[in-house]
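Working notes, beginning with the structure itself.
Residue numbers (full-length UniProt numbering): 1 to 425.
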């Protein structure tokens, strides 16, 4: 069984997955994903404020005829709160919508600042998975330029997300229109075929999103090759599409319960943020360990395929990694007692045990080989029963008292005899 597992782990693609998992765990992937989730939820507050300001601009400037309908709908929703409280809340809503400039400006500034912090956390998490050594200091600009750069990355990310969502929605909406124009709306095969189109479009948009993250978020000297970038983006896009469908299924399950319908969207949103952050970091670890060892200067059996001669991948390791990994492997094998490279140490121990036996027992018959003798060093795993140990201590203490008393009596007799002889003289 062990040989079969070793053969399986020696396969390059299996070893790559194991390196990815080791890198993700060693680089605190779950902790970084939790931090990204927290800042994602935190950034929603100013985004909602900004969206409220945009709504106020639409209702007061572009479509003022809709203001009365919105206020009426809000009043119907607040009918159970009492007349006084209802009028107070409606007045505050109308005032906030009217002053959309202040609300939108504050929301936009806060959203940019919170979004820049969100991007900074994603960037730090991505770089932590990507660089060859975890303890390397992350290179950053002056705080003002770094914040502006993060805002620029945020704007680009929002544009790509908007394109992703928009294209997916358009592809889904146009499916029925195209089927009607082609007179194929009654054909089952056509409906199935056109159902694949939104999935392909969503997959392409997700691929573009991950390409953007993997291209601009890592440090310049650690950016991946084009092939690694393409494969990583494809894996991330497939995972993102699966997350989207999973979120839709969970939301549909929550819609049947009134309480779940209230709290369900928040729970699903937080779950989606966390799983999406983990997906990003897992794919980062996968791309990074395509040509990097799992952990710098530590032995990992999954790193062995990287040492094979491959012309399509240039292995990137920190200086002194392989020698440190060999030393780490030797220490681990000696600690576990399964070493295959410490035969010299075991031979010396056997020879020392042979010499100790000869000094105690005298000459031994010829023909003995110290290398074939069993290892006679104390075994730390063996323990002595408590009653045996206590009895041994009591016997030792008793023998010590007897020996001490006898020695004291004899020494006292000698001293008394000497003193008596001196006085008799």
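Note that beta-carbon positions come from the ideal geometry of N, C-alpha and C, so glycine has one too.
Closest by C-alpha distance to residue 314, out of 331, 320, 300 and 293, is 293. Taking C-beta atoms as the reference points, residue 281 and residue 116 fail to come closer than 7 Å. By the Cβ-count criterion, residue 27 is buried, with 16 or more other Cβ atoms from all chains shown falling within 10 Å of its own Cβ. Nearest C-alpha to residue 231 among 23, 160, 43 and 214: 214. For residue 175, the closest of 200, 75 and 61 by C-alpha to C-alpha distance is 200. Counting only residues of its own chain and dropping the five nearest sequence neighbours on each side, residue 317 has a CB closer than 7 Å to the CB of 132, 292 and 293. Cβ-Cβ distances below 8 Å link residue 244 to 202 in the same chain, with the five nearest sequence neighbours on each side left out; the list follows chain order.
Only buried fits residue 20, as 16 or more other CB atoms lie within 10 angstroms of its CB. Residue state for residue 316 is assigned as coil, using DSSP reduced to three classes. Buried is the label assigned to residue 164, since at least 16 other Cβ atoms lie within 10 Å of its Cβ.
Straight through space, the alpha carbons of residue 332 and residue 233 are spaced by roughly 37 Å. Contact check for residue 277 against residue 33 passes: the beta carbons are separated by less than 7 Å.
Counting C-beta pairs closer than 8 Å gives three or more between the region 46-60 and the region 104-112, which meets the contact rule. Taken through DSSP and simplified to helix, strand or coil, residue 141 comes out as coil.
Only buried fits residue 289, as 16 or more other CB atoms lie within 10 angstroms of its CB.
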